[in-house]
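Note sheet for the following structure.
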Amino acid sequence: MNKNKYGTYKFGLVTASAFVIANMIGTGVFTSLGFQLLGTTNFFSLMLLWLLGGIIALCGALVYGELGAVMPRSGGEYHYLREIYHPLLGFMSGWASLIVGFAAPVALACMALSTYLHKMFPAFDPLATAITVLTAVTLIHAYDVKMGGTLQRVFTFFKILIIIVFIICGFCLPPHGQVDGFSAATFSFDDVFSTGFAVSLIWVYYAYSGWNASAYMANEIREPQRTIPRSLFISTVIVTILYLLLNAVFLFAAPVEAMQGQVEVGLIAARYIFGEWGGNLMGLLIALLLVSSISSMAFLGPRVSQVMGEDTYILRSLARKSAGGTPFVAIWVQYGISALLIITDSFELVTKYTGVTLSFFALMTVAGLFVHRHRFPHVVRPYRTWGYPVVPILFIALILWSVVYLIHEDYYNTFVEHTQTVMWMSLMSAGTLLSGMMVYVMNQLIVHYKKQ
Numbered sequence: 001m002n003k004n005k006y007g008t009y010k011f012g013l014v015t016a017s018a019f020v021i022a023n024m025i026g027t028g029v030f031t032s033l034g035f036q037l038l039g040t041t042n043f044f045s046l047m048l049l050w051l052l053g054g055i056i057a058l059c060g061a062l063v064y065g066e067l068g069a070v071m072p073r074s075g076g077e078y079h080y081l082r083e084i085y086h087p088l089l090g091f092m093s094g095w096a097s098l099i100v101g102f103a104a105p106v107a108l109a110c111m112a113l114s115t116y117l118h119k120m121f122p123a124f125d126p127l128a129t130a131i132t133v134l135t136a137v138t139l140i141h142a143y144d145v146k147m148g149g150t151l152q153r154v155f156t157f158f159k160i161l162i163i164i165v166f167i168i169c170g171f172c173l174p175p176h177g178q179v180d181g182f183s184a185a186t187f188s189f190d191d192v193f194s195t196g197f198a199v200s201l202i203w204v205y206y207a208y209s210g211w212n213a214s215a216y217m218a219n220e221i222r223e224p225q226r227t228i229p230r231s232l233f234i235s236t237v238i239v240t241i242l243y244l245l246l247n248a249v250f251l252f253a254a255p256v257e258a259m260q261g262q263v264e265v266g267l268i269a270a271r272y273i274f275g276e277w278g279g280n281l282m283g284l285l286i287a288l289l290l291v292s293s294i295s296s297m298a299f300l301g302p303r304v305s306q307v308m309g310e311d312t313y314i315l316r317s318l319a320r321k322s323a324g325g326t327p328f329v330a331i332w333v334q335y336g337i338s339a340l341l342i343i344t345d346s347f348e349l350v351t352k353y354t355g356v357t358l359s360f361f362a363l364m365t366v367a368g369l370f371v372h373r374h375r376f377p378h379v380v381r382p383y384r385t386w387g388y389p390v391v392p393i394l395f396i397a398l399i400l401w402s403v404v405y406l407i408h409e410d411y412y413n414t415f416v417e418h419t420q421t422v423m424w425m426s427l428m429s430a431g432t433l434l435s436g437m438m439v440y441v442m443n444q445l446i447v448h449y450k451k452q
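First residue of the sequence shown? That's 1 in this note's numbering, and the numbers climb one at a time after it.
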């Protein structure tokens, strides 16, 4: 980590990769398998599902690597969509990130951590624990950039170490799962083209979300043209390998019947591997893993808001920095939104309605690579996407395939059974987008008036 002449610390490849890995490995990998087992119990199909999720994430990472190298500025989709298409589309993406894109996942991770701790220590109040963890992490990131980077490296190192120990122990001890299910002979293509497989894939993709993390912090990365592509690629490959091994351990260690429809798959598998006491201890360690995820999102989200503040007159206070180089106003704004979601217990609904919206902006960004190459054919590109144009096309096709199935099977059925919930989700989505448009138009009018 180096310091430039303006006093702002610049992170290297290790820290940038730590942010990506921490942002990717959250609650998803420890909770998704139980619901996937309701759709198919074929182990080979399930492993293929997680491999495809890794391929989607890697395709996205390769595309973002080129965009991050050719447009090395913090903000991620906000900056890319602004430069490729129109400032309004970029602002809409940034507005969604500012309102809920990072705040809701932070709230969800804080509550997941507090729930795990409450089961280990019943005296701990989940709400108070969640707010305490959120406050502590926010204070560190609001105080100093260097301290926040150090925290991220340390927690990510322990996260990877604990997962590796879990994997090794899981394979070394006698299995309780149906080991013969790993055979490719039991695999059927009917599973791949089933509705359950497609819907499961979108949730696996959410478990991989965060593969674009270093793109949000380009201003604070040393040699971003080289570091962003490398950090995205290395981190996504590492997480894909860990996810495949983790799910293999879950299937190897615990019976399918014990995990089907259960949220706490990681805790169930840990109890089969280590026994009741050891499983509870491992559950506690899994909970502590979430600290690095909370830390990563608490750092990255305000960087999007900060860049929006630099470009938007009426949001200019979000760009203010502390003596330690942190965008402290943006950090505390995100803290306030996350705390509100935790207190009102509304983050799960918000997370659901933002999922497809944020996927849309990611799709537009990946598709934007074609537009950018067409509009700027002679621009110097320090890194070019491997496998272009197959890689971005594959990303777009797989995401669209999964989202169409998700909307048809999940949202349609939900609409039939829970019309009021769907109406609220639709209103929240429309409200977020419309409020973003209103703020953008208002800002343009104010800027135009001040120029006269």
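Backbone N, C-alpha and C define an ideal beta-carbon position, used for all residues, glycine too.
Note that the coordinates shown come from a computational prediction; the quantities given were computed from them, not determined experimentally.
Taking Leu-13 as the centre and dropping the five residues before and after it, the same chain places the C-beta of Thr-227, Arg-230, Ser-231 closer than 7 Å to its C-beta, in chain order. For Leu-98, the CB contacts under 6 Å within the same chain, skipping 5 residues up- and downstream, are Ser-305 in chain order. Contact check for Val-403 against Ser-359 passes: the beta carbons are separated by less than 9 Å. In its chain, beyond the 5 residues on either side, Ser-74, Gly-75, Tyr-216, Met-217, Asn-219, Glu-220, Pro-327, Ala-330 have a beta carbon closer than 8 Å to the beta carbon of Arg-303. Here Ile-56 is near Tyr-208, since their CB atoms are less than 9 Å apart. In its chain, beyond the 5 residues on either side, Val-439, Met-442, Asn-443, Ile-446 have a beta carbon closer than 8 Å to the beta carbon of Ile-314. Within the model, the alpha-carbon separation for Ala-69 versus Glu-223 is close to 9 Å. Between Leu-288 and Ile-160, the CB-CB gap reaches or exceeds 9 Å.
The secondary-structure analysis by DSSP pairs Ile-160 with nothing; it has no beta-bridge partner. Counting the other Cβ atoms within 10 Å of the Cβ of Tyr-449 gives fewer than 16, which makes it exposed. Taking C-beta atoms under 8 Å as the contact rule, Ile-273 and Ala-248 fail to qualify, at a distance of about 13 Å.
Taking C-beta atoms as the reference points, Tyr-205 and Ile-396 fail to come closer than 9 Å. Unbroken alpha helix (DSSP H) stretches of 4 residues or longer found wholly inside the segment 96-166: 103-120, 126-143, given in chain order. When DSSP states are grouped into helix, strand and coil, Ile-25 belongs to the coil group. The C-alpha of Ala-258 is placed about 8 Å away from the C-alpha of Ile-268. Looking at the backbone, the Cα of Gln-36 and that of Leu-46 are separated by about 8 Å.
Under DSSP, Ile-221 forms a beta bridge with Phe-11. Along the length of the segment 233-282, whole alpha helix (DSSP H) runs at least 4 residues long occupy 256-259, reported in chain order. For Pro-382, the three-state secondary structure derived from DSSP is coil. DSSP assignment within the segment 310-354 yields the following whole alpha helix (DSSP H) runs of 4 residues or more, N-terminal first: 328-344.
Where Leu-38 is concerned, the enclosing alpha helix (DSSP H) starts and stops at 33-39.
Distance from the Cα of Thr-41 is smallest, within the candidate group Ile-131, Gln-260, Thr-138, Phe-158, for Gln-260. Shown here, His-86 sits in coil according to DSSP, grouped into three states, outside any helix or strand.
Contact between Val-239 and Met-24 holds: CB atoms are separated by about 5 Å, below the 8 Å threshold. Remark: fewer than three beta-carbon pairs, one from each stretch, lie closer than 8 Å, so the segment 125-132 and the segment 143-157 are not flagged as touching. Put simply, the backbone Cα of Arg-316 is about 16 Å away from that of Gly-90. Here Gly-210 is not near Ala-18, since their CB atoms are 9 Å or more apart. Distance from the Cα of Trp-401 is smallest, within the candidate group Pro-122, Phe-197, Val-165, for Phe-197.
Taking 8 Å as the upper bound for CB-CB distance, Ser-293 and Leu-151 are not in contact here, some 12 Å apart. Pairing Gly-324 with Tyr-143 gives a Cβ-Cβ distance under 9 Å. For Tyr-64, the enclosing alpha helix (DSSP H) has its first and last residue at 43-70. Listed in chain order, the non-local C-beta contacts of Pro-389 below 8 Å within the same chain comprise Phe-370, local neighbours out to five positions each way being set aside. Secondary structure at Tyr-216: helix, using DSSP grouped into helix, strand and coil.
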